[in-house]
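Under our numbering, think of the first position of the sequence shown as 1088, with each following residue one higher.
Just so it is clear, CB atoms sit at the ideal spot from N, CA and C, and this is done for glycine as well.
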Amino acid sequence: MSKADAAQADSFATLLTKIEDGTAVCGVVGLGYVGLPLGVEMARRGFHVIGYDVSQPVVDSLNEGRSHIQDVSDVMLGEARASGGLEATTDAARLAECDVISICVPTPLGKTRDPDVSYVVAATKAVSEVLRHGQLIILESTTYPGTTREVLLPAFEQRGLEVGRDFFLCFSPERVDPGNERWQIHNTPKVIGGITRRCVEAGVAIYSRVMEQVVPVSSPEAAELAKLLENTFRAVNIALVNEMAQASDRLGVDVFEVIEAAATKPFGFMKFTPGPGIGGHCIPLDPHYLAWKMKTLNYRTRMIDLAGEINSEMPRFVVEKVRDALNDRGKALKGSRVLLIGVAYKKDIDDMRESPALDVMKLLEEKGATVLYHDPYVPVVREDGHSWTSLPFTPETLASADCVVITTDHSDVRYEELVDLPVPVVDTRNALKGKDGLNIIGLSGAGARAVVDRAAVPA
Ligand SMILES: NC(=O)c1ccc[n+]([C@@H]2O[C@H](COP(=O)([O-])OP(=O)(O)OC[C@H]3O[C@@H](n4cnc5c(N)ncnc54)[C@H](O)[C@@H]3O)[C@@H](O)[C@H]2O)c1
């Protein structure tokens, strides 16, 4: 065996042995919505986990047993810490102790809607400074195809180590769905692609100790693109039902009734629901990573562009509904008090990132309305120098509004109290499904229970 072959066998065999016997130390870079649940799950599986984050408050609170992520309770965090499992640090040098390092840092868009990979670059730099033989690095952050090979790999190779022989590099997209109790890290299949065959073998070895199903693919690019396909699929299908909502509105038909009816087809249809727009850290942003990459290859991703256009029109469509509802009752939007119920981007979570409710709030204020809101998960909203505080869900709060808008359908709101309000209630989420009230206005149709003009039907 040549010296190089022996080194390759050594680093790889040592890493696999440590993974198999549970002595591999796992590092997680970025302890947010993605990194913290991953670190906790690895600790639950018996690995020692070193979580590295640049935020001192995040690290301090985790080391004191307080989780800042809704999906990780303090009890779960406590168990992970008690099993000897998890510690948090702001000291990047501690990554040298790790055999496996999963990078879970943000990948936002810049001001011009282009990918901002500066966090990935910073994390790569931190890891490259400690890179050593036998380490496996897995990028988890959603990004454009080519990032792992074009951004991480050259930085690591500059250390004089060879990928697939001395160290191992993979991309494995995170599929966390905040607030989803059925599908969590351990039971959601995990796609992984490596730069070399040994890279993916090492990736499969660690993640199959943590997740029930690992799905290897032939390259990091395939794994990167799989994640973008998943989220683009959602963005495009949500745009389709949002377009249906606008079409149904002009037809005087309740779009939710139409979707329920279509969803009874047992094959060839998948249900998506319309609403005031799309939010969260993934669906509104990720497709732009692909669109940007394709632009560099002289290809325009038309479906992505159109879906983004339709979805971003929805807040304005909702504000027009509010304006028309007030107008029908002889009131102007300007000077009216509009109460939003639910401002998080989706039900039962506290995540405000890219929430369409923010656009609805800003558009209403631009038109001269006073915006109030109630959200059991979001005590304060701060945006562009504005600040709003959640009001209690009381008869006084409801009585103070000229119009109510259900922007997020959180489960623990007493919707029945909205049914007989004397003011219009614009229900963008079908939260009042099945409830009859004179002032209920659905996302489409004259009301949630719009009736087609029978006189217009040919005999
Ligand atoms: N939130 C989701 O639902 C979700 C789902 C799937 C994939 N993703 C993807 O996962 C990635 C992470 O998203 P998130 O929601 O966990 O973000 P987040 O903002 O919740 O957490 C990121 C953490 O990384 C830390 N950080 C930033 N730069 C760092 C650095 N250089 N070194 C160490 N720590 C650093 C931040 O302080 C923060 O605590 C993104 O690419 C995102 O697109 C997110």
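- W1475 classed as buried or exposed, judged by whether at least 16 other C-beta atoms fall within 10 angstroms: buried
Next on the checklist: Can you tell me whether L1196 is helix, strand or coil according to DSSP?
Outcome noted: strand
- prompt: For T1457, which residues does DSSP report across the bridge?
  reply: R1424
Residues bridged to F1255 by DSSP?
L1223
field: Three-state secondary structure assigned by DSSP to R1541
entry: Low confidence applies here, because R1541 scores a pLDDT of 46, under 50, leaving its location unreliable; read the following figure in that light. Correct three-state label for R1541: helix.
| message | Tell me the residue span of the beta strand (DSSP E) that contains C1286. | response | Where C1286 is concerned, there is no enclosing beta strand (DSSP E), although the alpha helix (DSSP H) it sits in stretches over R1284 to Y1294.
Exercise. How do the segment 1425–1433 and the segment 1491–1503 stand: do at least 3 beta-carbon pairs fall below 8 Å, yes or no?
Worked result: yes
Neighbourhood of V1538 by C-beta, 8 Å cutoff - its chain only, sequence neighbours within 5 removed | A caution first: V1538 carries a pLDDT of 42, below 50, which makes its placement in the model too unreliable to give a value.
query = What are the start and end residues of the alpha helix (DSSP H) that includes D1514?
reply = Run containing D1514: none in the alpha helix (DSSP H); it sits in the beta strand (DSSP E), V1512 to D1514.
Is the closest heavy atom of ligand 1 to the C-beta of Y1120 under 7 Å? yes
| said: Are there any heavy atoms of ligand 1 lying less than 7 Å away from the beta-carbon of P1193, as far as the coordinates show? | reply: yes
**Prompt:** What separation, rounded to the nearest whole angstrom, lies between the Cα atoms of A1486 and S1498?
**Reply:** 22 Å
Cβ shell of H1461 (< 6 Å), same chain only, five flanking positions each side left out
I1428, S1477, L1478 and F1480
### Query
Looking at the unbroken alpha helix (DSSP H) that takes in K1408, where does it start and where does it end?
R1389 to D1415
inquiry  = Here's the rule I'm using: 16 or more other beta-carbon atoms within 10 Å means buried, otherwise exposed. How should K1212 be labelled?
reply    = exposed
Quiz prompt | For A1309, the nearest candidate out of G1281, A1334, V1323 and N1526 (CA to CA) | solution = G1281
Where G1529 falls: helix, strand or coil (DSSP): strand
_Does the beta-carbon of V1159, which I'm using as the reference point, lie nearer than 7 Å to any heavy atom of ligand 1?_
no
**Study point:** Complete runs of the beta strand (DSSP E) confined to the segment 1468–1504 [at least 3 residues]
**Key:** 1473–1476 and 1490–1493
Just the C-alpha distance for E1400 and F1359, rounded to the nearest angstrom, thanks. 17 Å
How big is the Cα-Cα spacing for R1219 and F1258?
19 Å
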